[in-house]
Amino acid sequence: MAASSLTDNTVMWISVGILVFLFSIQRFGTHRVGYTFAPILSLWFVSIALIGIFNFVNHDPSVIKALNPAYIIAYFKRNHKEAWISLGGVILCLT
Numbered sequence: 127m128a129a130s131s132l133t134d135n136t137v138m139w140i141s142v143g144i145l146v147f148l149f150s151i152q153r154f155g156t157h158r159v160g161y162t163f164a165p166i167l168s169l170w171f172v173s174i175a176l177i178g179i180f181n182f183v184n185h186d187p188s189v190i191k192a193l194n195p196a197y198i199i200a201y202f203k204r205n206h207k208e209a210w211i212s213l214g215g216v217i218l219c220l221t
């Protein structure tokens with residue numbers, strides 16, 4: 127695994143720059159901010175999808191079995207209350 131050349135300090139200043147940019151264009155209205163970021167978010171989601179497809183094809187395609195609802199039903203039957211607690215953690219991670 128290659129080491130990242132970005133330090134924590136660099137990441138922080140990039141984040142500060144993005145926030146300053148967002149707050150400076152906010153006076154033009156949120157519709158303009160949304161219009162500006164729509165292509166950026168679209169590119170982000172397409173990139174994530176392409177990476178997922180690439181890994182799906184080059185690695186084990188049997189991961190698609192995870193979409194089978196029988197696995198979650200068996201998990202809830204096996205773990206009862208603990209399953210609900212872990213589901214809460216999963217939802218928290220997703221949001």
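Start counting the sequence shown at 127; every next residue gets the next number (this note's numbering).
C-beta atoms are modelled at their ideal positions from N, C-alpha and C, and glycine is treated no differently.
Whole angstroms is fine: what's the gap from residue i's alpha carbon to residue j's?
i: residue 183; j: residue 194; result: 19 Å
i: residue 213; j: residue 154; result: 41 Å
i: residue 136; j: residue 169; result: 23 Å
i: residue 164; j: residue 175; result: 16 Å
i: residue 205; j: residue 217; result: 17 Å
Where does residue i sit, in a helix, a strand or coil, going by DSSP?
i: residue 157; result: helix
i: residue 186; result: coil
i: residue 136; result: helix
Do residue i and residue j have their C-beta atoms closer together than 7 Å?
i: residue 196; j: residue 202; result: no
i: residue 151; j: residue 159; result: yes
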